[in-house]
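**Q**
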Amino acid sequence: MEQITATQPKRLSRMIQPLPYKTRPKPIPQFMSLPPELHILIANLLIFPDIIHLKLTCTYFNDLIPPLPHHELLQAELTAFALAHDIYACRYCLRLRPAGKFADRMLRRGRGRYGRDAERRFCVECGLMPRSGTARYGPGAQIVVQGVMFVICMVCREFAVGGKDCKGIAICGSCWEERTTRERDFRDGTHLRASLLG
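Each residue of the sequence shown is one higher than the one before, counting from 76 in our numbering.
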């Protein structure tokens, strides 16, 4: 190898000269400038959670990449990412959702992560939307979510925290309070006094 000396600076500067414009290599195309067909092919090679991360980058990819089918969501909930973040697949909205969005019963036994009926699991939000021909929650349903009992109230038909000491009756806390107040007033005779005075 030849050593460069101080007497050769002109020769060195000629060696470092940039190439003329015509002989320069073409710039590498940017990822977004690729045709959509290539984007789809690339997306098909991605696995969870990378495909979701790509969908979240911009509206273009969110619209271009179709949502994951239910069987792929069930596979995705077995990944290290899903286990670390405690997320599960919903059969109706086709989303991966945190455990707090599901009834406790949906996360145990047969409908749990490794259960044989995991494909039948649905989130509370989807369970509250009635749809004919599917198993959903109806009036009187008692739904425990992370240890807290919620009900679809038999009186007002609202989804709310169940009343304390309801003795298995599906009534929300506010309706239960009204009921106990009416019963107390009836026992005390307050309702008679109010009607006589009024």
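Cβ coordinates follow ideal geometry from the N, Cα and C atoms, glycine included.
Look at the Cβ atom of Thr154, then the Cβ atom of Phe123, and state whether they are nearer than 9 Å.
**A** Yes. Within cutoff.
**Q** DSSP three-state label for Gly157, please.
**A** It is worth fixing the name first, because residue 157 is Ala in this sequence and not Gly. Helix at Ala157.
**Q** Would the segment 185 to 195 and the segment 140 to 153 be scored as touching if the rule is three or more Cβ pairs under 8 Å?
**A** yes
**Q** With 16 as the cutoff for other CB atoms within 10 Å, does Ile117 come out buried or exposed?
**A** With a 10 Å radius around the Cβ and a threshold of 16 neighbouring Cβ atoms, Ile117 comes out exposed.
**Q** Got a sec? Which residues, its chain only, sit under 8 Å from Leu129 by beta carbon, not counting five neighbours each side?
**A** Contacts found: Ala118, Leu121, Phe136 and Ile140.
**Q** With DSSP as the reference, label Cys168 as helix, strand or coil.
**A** Coil, per DSSP.
**Q** Between Met229, Pro214, Cys168 and Val236, which lies nearest to Gly222 when the distance is taken from Cα to Cα?
**A** Val236
**Q** Looking only at its own chain, which residues have a Cβ that is under 6 Å from the Cβ of Glu200, when we skip the five neighbours before and after it?
**A** Leaving aside the five residues that flank Glu200 on each side, none in its chain has a CB nearer than 6 Å to its CB.
**Q** Tell me whether Met76 is buried or exposed, calling it buried when 16 or more other Cβ atoms sit within 10 Å of its Cβ.
**A** Any answer about Met76 is weak, because its pLDDT of 49 lies below 50 and its placement is not dependable; what the coordinates show is given next. Exposed, since its Cβ has fewer than 16 Cβ neighbours within 10 Å.
**Q** By Cβ distance below 6 Å, which residues in the same chain neighbour Gly248 in space, the five residues on each side in sequence not counted?
**A** Val236 and Gly238
**Q** On the DSSP bridge assignment, give the partners of Met224 in chain order.
**A** Looking at the DSSP output, Met224 bridges to Val219.
**Q** Pull the bridge partners of Val236 from the DSSP assignment, please.
**A** Phe225
**Q** Alpha carbon to alpha carbon, how far is Leu148 from Leu158?
**A** 13 Å
**Q** Can you tell me whether Ile115 is buried or exposed, with buried defined as 16 or more other CB within 10 angstroms of its CB?
**A** exposed
**Q** Hey, quick one: how far does the alpha helix (DSSP H) through Ala193 stretch, first residue to last?
**A** Premise fails: Ala193 is in no alpha helix (DSSP H) and is neither H nor E.
**Q** If you scan the segment 106 to 150 from start to end, which runs of the alpha helix (DSSP H) of 4 or more residues do you find wholly inside it?
**A** 111 to 119, 125 to 130 and 134 to 139
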